[in-house]
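Asks: Take a look at this one; I'll ask things after.
Number of protein chains: 2
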Amino acid sequence: MADKTIPYKIYLSEEDMPKAWYNLRADMKNKPAPLLNPGTGKPLTAEELSPIFCEELVAQELDDTTPFIEIPEEIRSFYKMFRPSPLVRAYCLEEKLGTPAKIYYKFEGNNTSGSHKLNSAIAQAYYAKKQGLKGVTTETGAGQWGTALSMACSYFGLDCKVYMVKVSYEQKPFRREVMRTYGASVVPSPSETTEIGRKILAEFPGTTGSLGCAISEAVEVATKNPGYRYVLGSVLNQVLLHQSVIGLETKTALDKYGIKPDIIIGCAGGGSNLGGLIAPFMGEKLRGEADYRIIAVEPASCPSFTRGTFAYDFCDTGMICPLAKMYTLGSSFIPSANHAGGLRFHGMSSTLSQLYHDGYMEATSVEQTSVFEAAEMFARVEGILPAPESSHAIRAAIDEALKCKESGEEKTIVFGLTGTGYFDLVAYQKFNDGEMSDYIPTDEEIAASVAKLPKVPEN
Amino acid sequence: MADKTIPYKIYLSEEDMPKAWYNLRADMKNKPAPLLNPGTGKPLTAEELSPIFCEELVAQELDDTTPFIEIPEEIRSFYKMFRPSPLVRAYCLEEKLGTPAKIYYKFEGNNTSGSHKLNSAIAQAYYAKKQGLKGVTTETGAGQWGTALSMACSYFGLDCKVYMVKVSYEQKPFRREVMRTYGASVVPSPSETTEIGRKILAEFPGTTGSLGCAISEAVEVATKNPGYRYVLGSVLNQVLLHQSVIGLETKTALDKYGIKPDIIIGCAGGGSNLGGLIAPFMGEKLRGEADYRIIAVEPASCPSFTRGTFAYDFCDTGMICPLAKMYTLGSSFIPSANHAGGLRFHGMSSTLSQLYHDGYMEATSVEQTSVFEAAEMFARVEGILPAPESSHAIRAAIDEALKCKESGEEKTIVFGLTGTGYFDLVAYQKFNDGEMSDYIPTDEEIAASVAKLPKVPEN
Chain V
1 MADKTIPYKI YLSEEDMPKA WYNLRADMKN KPAPLLNPGT GKPLTAEELS PIFCEELVAQ
61 ELDDTTPFIE IPEEIRSFYK MFRPSPLVRA YCLEEKLGTP AKIYYKFEGN NTSGSHKLNS
121 AIAQAYYAKK QGLKGVTTET GAGQWGTALS MACSYFGLDC KVYMVKVSYE QKPFRREVMR
181 TYGASVVPSP SETTEIGRKI LAEFPGTTGS LGCAISEAVE VATKNPGYRY VLGSVLNQVL
241 LHQSVIGLET KTALDKYGIK PDIIIGCAGG GSNLGGLIAP FMGEKLRGEA DYRIIAVEPA
301 SCPSFTRGTF AYDFCDTGMI CPLAKMYTLG SSFIPSANHA GGLRFHGMSS TLSQLYHDGY
361 MEATSVEQTS VFEAAEMFAR VEGILPAPES SHAIRAAIDE ALKCKESGEE KTIVFGLTGT
421 GYFDLVAYQK FNDGEMSDYI PTDEEIAASV AKLPKVPEN
Chain G
1001 MADKTIPYKI YLSEEDMPKA WYNLRADMKN KPAPLLNPGT GKPLTAEELS PIFCEELVAQ
1061 ELDDTTPFIE IPEEIRSFYK MFRPSPLVRA YCLEEKLGTP AKIYYKFEGN NTSGSHKLNS
1121 AIAQAYYAKK QGLKGVTTET GAGQWGTALS MACSYFGLDC KVYMVKVSYE QKPFRREVMR
1181 TYGASVVPSP SETTEIGRKI LAEFPGTTGS LGCAISEAVE VATKNPGYRY VLGSVLNQVL
1241 LHQSVIGLET KTALDKYGIK PDIIIGCAGG GSNLGGLIAP FMGEKLRGEA DYRIIAVEPA
1301 SCPSFTRGTF AYDFCDTGMI CPLAKMYTLG SSFIPSANHA GGLRFHGMSS TLSQLYHDGY
1361 MEATSVEQTS VFEAAEMFAR VEGILPAPES SHAIRAAIDE ALKCKESGEE KTIVFGLTGT
1421 GYFDLVAYQK FNDGEMSDYI PTDEEIAASV AKLPKVPEN
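Protein chains in written order, with this note's numbering: chain V, 1 to 459; chain G, 1001 to 1459.
Structure below.
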């Protein structure tokens, strides 16, 4: 086995935790394009956004010049309950692969939400509390984000209303119960509690719901009830900002041992984890201080970076949200059943989309069965049962490590392990039973939904 | 909030991890009574035990004089994947309770088995591998032990056959899938694969199984198949020995900050967690070097310490295992439905039983609903969804902290948080729905099963 002067797990001390988030946009020459009002085609103002989002979060959303934004003391206190998260040297995986590569992963799953989502949930809940709000609303599909937000709201004594896609509400009762244990009210969507929910139920009585519909309901409730705002767990600039703690801790830990990564890998759905993990490294790259290969990994069934179009599109399938410029498959694109619920989004964060467009990062897509093969190998040798989303990054990291084995290069690979798969055992069961299928959308399917992209001035 | 010179989480460095397990029995004046052969009533010899257990484990089981037993390098390597586990200062819980007490918990749930069981599973798998065995067999109820053993066997390339109580196999498919992902074969018990299974199925065609029956099947397969041995996750001396890593790490972490606990609290089913947590502290107490209040917490529905009898009894309900002297409710005692599956055992480790009998520790019992109230409060303020078993210790720790609030005493309380409740959401759902019930067995019920204790010379 390798020389183990580097510990298995690098834990920072609490004093080494970041005191400010890093705002990647400040170092971008080509800024991400602004959100547009779908009615007027004009950039949304703080005034237009503040009935939906908390004031301070609107400011963070629109700020593309301040490089560091202080993390309030209350949020740092909460972070200490589950952070710093470990940066793990994957000695056992390296040995299993027989690779000369050095593999590290930043593990964000050691908290009850089971993922990195808590990093932004607690920030968003804090600003809601600070503004004197009563509560927040959101949607959840697989449930990680809803769980994280429930935990955050419980901590600050905020009311939390989660619209959970009906099919998940019924098929994932355990996630629902975690949210309820944290005091959230969880409503299956579409529901009779909103105008849009009632309308959809009247039109499609048997529908099992969709994320787009759940978003619409959550936004309606937030805007119609005084003292409520809507919060979102990915895609937005503010979310990437909060998630920069992942990358900042990773960089501090690597620096502590004088390690310089060659390749940084993250899975990408809406971009919250990837954007957070790469933030300080991308910053160095943008400022010309260092160079890294940065790889986004997406499912072959929902390949927004690798097969999408860089254009303005709706963030939701219901087409009620602002327009964002991003790599998109079209908001009407319906990904095939893929167990990585967190990666089934038709678009991608505007910030990451711009960076990809400008050549600062690569993207690759991987198929589901090979993702679960990687997940199983990882679970067996590293002792952590990974979330399907995270396993996309594992797959790509293993593939890069195997290339090193062929070439004999001792590259240093860092990847983001965003969470655990304890609530994804239905997917593992399918894999264990040999019943998992891969589906790759045809060019025609993608062209059909891209053809429906909204017409806006910039398009 | 309190002065925070102590970090939220005390992590030891890998060099600070124990290099030897501590064998508490070496410091006991009154040794735990030996296991007896139920046929002859005589103490079991190494020769009699070795067809069932691995040789080195038999030696550990019988050794009550060696105080420290080296942890092999291979096991220490594996420990580094999930250890050292954090000792957490429960600042948020203290604040919520408004207590002057200082509360710490040793958290063993940050690994995929979700509990402390992995500490002994990896040791038992290691010795099986070292002996050149092909594999091991075991039983599992709730599934923590089976999961831990599957992970350990996968690491060492051993075959792992788990007999899972049929009702759990059907109602807890997710635990089963974790085990399968780690390559274990999981058989619902009773099964057609064993003689005793076929016999039971013929006699009781509709049975949903029991732990006693699963033990019988696992033992039969181990003894009939060359190259296999049976392993067990609690009760035995060897298991308490391996679990001493919990207490050793806890003591090192406390010593590092000059903290001396007043009260040490652990939940108690078979005693593996409690015995491990208290080991070095009890050692000091036995040697007269320090004094601590040590409290075992058991469910009111299965109160072996507080309402049981100190006598020789079978370890299993099937009455095929050796006789152990312990606090017992009688091996025919059937605890009412209690969601803390790991605490539904009629007896208690012989070592802990002797210590309790000799007045070195206290015991208390708590009711299920109050346990879940404590669990919910803990989850909300400390951010970890605890296992129902662990929550018994939380309940008792909260009660002690509230006594400090009344008296104004600044006591230091340490408790064991053995695991997470991610696979116990059915129980949480019952609690959330207000459908949880408490049941305390009557004196007559306990007397009836105690009356059936086996007749042995020492009785």
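Where a beta carbon is used, it is the ideal one built from N, C-alpha and C, also for glycine.
(1) In whole angstroms, give me the CA-to-CA distance for A1101(G) and T223(V).
(2) Work out the CA separation of L1093(G) and M1(V) for me, nearest whole Å.
(3) Please tell me whether P1261(G) and Y1104(G) are closer than 9 angstroms, where the distance is taken between their beta carbons.
(4) Run through chain V and tell me which residues come within less than 9 angstroms of A1059(G), C-beta to C-beta.
(5) Express the C-alpha separation of E1444(G) and Y163(V) in angstroms, rounding to a whole number.
(6) With 9 angstroms set as the bound, which would you pick, yes or no: does the beta-carbon of E376(V) sit closer than that to a beta-carbon of chain G?
(7) Please give the ranges of any alpha helix (DSSP H) in the segment 1042–1084 of chain G, keeping only runs that are unbroken, at least 4 residues long and fully inside the region.
(8) I'd like to know whether the C-beta atoms of V1165(G) and R1176(G) end up nearer to each other than 9 angstroms.
(9) Mind checking R1395(G): buried by the 16 CB within 10 Å criterion, or exposed?
(10) So which residues on chain G does Y428(V) lean against when the C-beta distance must stay under 9 angstroms?
(11) Among the residues of its own chain, which have a CB less than 7 angstroms from the CB of T1369(G), if the five just before and after it don't count?
(12) Indicate whether at least one CB of chain V lies closer than 9 angstroms to the CB of E1014(G).
(13) Pull up the distance between the alpha-carbon of K172(V) and that of S1331(G), whole angstroms please.
(14) Identify every residue that forms a DSSP beta bridge with G1419(G).
(15) Closer than 6 angstroms by C-beta to K1325(G): which residues in its own chain qualify, once you throw out the five before and the five after it? Chain order, please.
(16) Leaving aside the five residues before and after G1157(G) along the sequence, list all residues of the same chain whose C-beta is less than 8 angstroms from its C-beta, in chain order.
(17) Quick one: list the residues of chain G neighbouring L236(V), beta-carbon separation under 8 angstroms, in chain order.
(18) When the Cα of T112(V) is compared with those of I334(V), V178(V), N237(V), H242(V), which residue comes out closest?
(19) Is the segment 263–282 of chain V touching the segment 231–238 of chain V, taking contact as three or more C-beta pairs under 8 angstroms?
(20) Can you name, in chain order, every residue of its own chain whose Cβ lies under 6 angstroms from the Cβ of S1077(G), other than the five neighbours on each side?
(21) Looking at the ligand FAD, does it come within less than 8 angstroms of L149(V), judged from the CB to the closest heavy atom?
(22) Name the residues in the segment 1131–1154 of chain G whose C-beta lies less than 7 angstroms from a C-beta of chain V; which are they?
(23) Establish whether the CB of N1119(G) and some CB of chain V are separated by less than 9 angstroms.
(24) Just verifying my parser: in three-state terms, what is the DSSP assignment at A1397(G)?
(25) With 9 angstroms as the threshold, decide whether the Cβ of R1307(G) is near any Cβ in chain V.
(26) Kindly indicate if chain V contains any beta-carbon less than 9 angstroms away from that of Y1011(G).
(27) What residues in the segment 1371–1397 of chain G have a beta carbon less than 7 angstroms from any beta carbon of chain V?
(28) Which whole-angstrom value describes the C-beta separation of T420(V) and I384(V), a residue pair presumed to lie in contact below a C-beta threshold of 8 angstroms?
(29) Are the beta-carbon atoms of E410(V) and I263(V) separated by less than 9 angstroms?
(30) Quick one: is T1112(G) near chain V, going by C-beta distance under 9 angstroms?
(31) Can you name the residues of chain V whose CB is closer than 9 angstroms to the CB of K1129(G)?
(32) Skipping 5 residues on each side, what residues in its chain have a beta carbon closer than 8 angstroms to that of N459(V)?
(33) Hey, is M1282(G)'s beta-carbon within less than 9 angstroms of any beta-carbon in chain V?
(34) State the start and end residues of the unbroken alpha helix (DSSP H) segment that holds K455(V).
(35) What does the alpha-carbon distance come out to for the pair V426(V) and E373(V)?
(36) Which residues, in order along the segment 55–87 of chain V, keep a beta-carbon less than 7 angstroms from a beta-carbon of chain G?
Replies: Let me spell this out:
(1) Residue 1101(G) sits at position 101 when you count from the first residue of the second sequence. Residue 223(V) sits at position 223 when you count from the first residue of the first sequence. In this model, A1101(G) and T223(V) are separated by some 44 angstroms (Cα to Cα).
(2) As a first step, residue 1(V) must be located in the first sequence, where it is residue number 1. As a first step, residue 1093(G) must be located in the second sequence, where it is residue number 93. At M1(V), the pLDDT of 42 sits below 50, so the modelled position is not reliable; the number obtained from the coordinates is stated separately. Between M1(V) and L1093(G), the C-alpha separation is close to 42 angstroms.
(3) In the second sequence, counting from the first residue as 1, residue 1261(G) sits at position 261. In the second sequence, counting from the first residue as 1, residue 1104(G) sits at position 104. Their beta carbons are under 9 angstroms apart, which means P1261(G) touches Y1104(G) by this criterion.
(4) In the second sequence, the residue the question calls residue 1059(G) occupies position 59. Those within 9 angstroms of A1059(G) in chain V number zero; the least Cβ separation is about 27 angstroms.
(5) Along the first sequence, read from residue 1 onward, the residue named residue 163(V) stands at position 163. Along the second sequence, read from residue 1 onward, the residue named residue 1444(G) stands at position 444. Cα atoms of Y163(V) and E1444(G): separation of roughly 50 angstroms, rounded to the nearest angstrom.
(6) Here the question's residue 376(V) lines up with position 376 in the first sequence. Nearest CB-CB separation between E376(V) and chain G: below the 9 angstroms threshold.
(7) Every alpha helix (DSSP H) of 4 residues or more that sits fully in the segment 1042–1084 of chain G is shown, in chain order, as 1046–1049, 1055–1062, 1073–1082.
(8) Stepping through the second sequence from its first residue, residue 1165(G) is reached at position 165. Stepping through the second sequence from its first residue, residue 1176(G) is reached at position 176. For the pair V1165(G) and R1176(G), the CB atoms are not nearer than the 9 angstroms cut-off.
(9) By 1-based counting over the second sequence, the position of residue 1395(G) is 395. Sixteen is the threshold: when 16 or more other Cβ atoms of the shown chains lie within 10 Å of the Cβ of R1395(G), as they do, the residue is buried.
(10) Within the first sequence, the letter at position 428 stands for residue 428(V). Ordered by position in chain G, the residues that pass the 9 angstroms Cβ test against Y428(V) are F1174, E1177, V1178, R1180, T1181.
(11) Residue numbering aside, residue 1369(G) sits at position 369 when the second sequence is read from its first letter. Around T1369(G): M1436, D1438.
(12) Taking the second sequence and counting its residues from 1, the one referred to as residue 1014(G) is at position 14. Answer yes: the Cβ-Cβ gap between E1014(G) and chain V drops below 9 angstroms somewhere.
(13) Here the question's residue 172(V) lines up with position 172 in the first sequence. Here the question's residue 1331(G) lines up with position 331 in the second sequence. The straight-line gap separating the alpha-carbon atoms of K172(V) and S1331(G) is approximately 37 angstroms.
(14) Mapped onto the second sequence, residue 1419(G) falls at position 419. DSSP lists S1115(G) as the beta-bridge partner residues of G1419(G).
(15) Within the second sequence, numbered from 1, the residue matching residue 1325(G) stands at position 325. Listed in chain order, the non-local C-beta contacts of K1325(G) below 6 angstroms within the same chain comprise A1033, Y1312, S1350, local neighbours out to five positions each way being set aside.
(16) If you number the second sequence from 1, residue 1157(G) lands on position 157. Cβ neighbours of G1157(G) beyond the five flanking positions: K1129.
(17) Here residue 236(V) refers to the residue found at position 236 of the first sequence. The premise fails here: L236(V) is roughly 24 angstroms from chain G at the closest Cβ pair, so nothing lies under 8 angstroms.
(18) Residue 112(V) sits at position 112 when you count from the first residue of the first sequence. It is V178(V) whose Cα lies nearest to the Cα of T112(V).
(19) Look at the beta carbons and you see the segment 263–282 of chain V touching the segment 231–238 of chain V: at least three pairs across the two are nearer than 8 angstroms.
(20) Mapped onto the second sequence, residue 1077(G) falls at position 77. Cβ neighbours of S1077(G) beyond the five flanking positions: none.
(21) Inclusion of the ligand FAD in the displayed structure is not the case, the ligand content being empty and no account of it being possible.
(22) Answer in chain order: M1151, S1154.
(23) If you number the second sequence from 1, residue 1119(G) lands on position 119. Not one chain V Cβ lies under 9 angstroms of N1119(G).
(24) Here residue 1397(G) is taken as the residue at index 397 of the second sequence, counted from 1. A1397(G): helix per DSSP, three-state reduction.
(25) Residue numbering aside, residue 1307(G) sits at position 307 when the second sequence is read from its first letter. For R1307(G), the answer is no, since every Cβ of chain V falls outside 9 angstroms of its Cβ.
(26) The residue labelled residue 1011(G) in the question sits at position 11 within the second sequence. With 9 angstroms as the cut-off, Y1011(G) counts as an interface residue toward chain V.
(27) So the list reads E1376, A1379, R1380, E1382, G1383, I1384, L1385, given in the order they occur along the chain.
(28) Taking the first sequence and counting its residues from 1, the one referred to as residue 420(V) is at position 420. Taking the first sequence and counting its residues from 1, the one referred to as residue 384(V) is at position 384. I384(V) and T420(V) do touch by the CB rule: their CB atoms are close to 7 angstroms apart, below 8 angstroms.
(29) Counting from 1 along the first sequence, the entry for residue 410(V) is found at position 410. Counting from 1 along the first sequence, the entry for residue 263(V) is found at position 263. No, they are not a contact pair.
(30) One-based indexing of the second sequence puts residue 1112(G) at position 112. At least one C-beta of chain V is nearer than 9 angstroms to the C-beta of T1112(G).
(31) Position 129 of the second sequence, counted from the start, is the residue given in the question as residue 1129(G). Here the premise fails: no neighbours, minimum Cβ distance about 15 angstroms.
(32) For the purposes of this step, residue 459(V) is taken as the residue at position 459 of the first sequence. Unreliable positioning characterises N459(V) in this predicted model, as indicated by a pLDDT of 44, which lies under 50. A coordinate reading is not provided.
(33) Counting from 1 along the second sequence, the entry for residue 1282(G) is found at position 282. So, not an interface residue.
(34) Here residue 455(V) refers to the residue found at position 455 of the first sequence. Element bounds for K455(V): n/a, residue is neither H nor E.
(35) Within the first sequence, numbered from 1, the residue matching residue 426(V) stands at position 426. Within the first sequence, numbered from 1, the residue matching residue 373(V) stands at position 373. Between the alpha carbons of V426(V) and E373(V) lies a distance of about 15 angstroms.
(36) Those residues of the segment 55–87 of chain V placed with their C-beta closer than 7 angstroms to a C-beta in chain G are K80, M81, F82, ordered along the chain.
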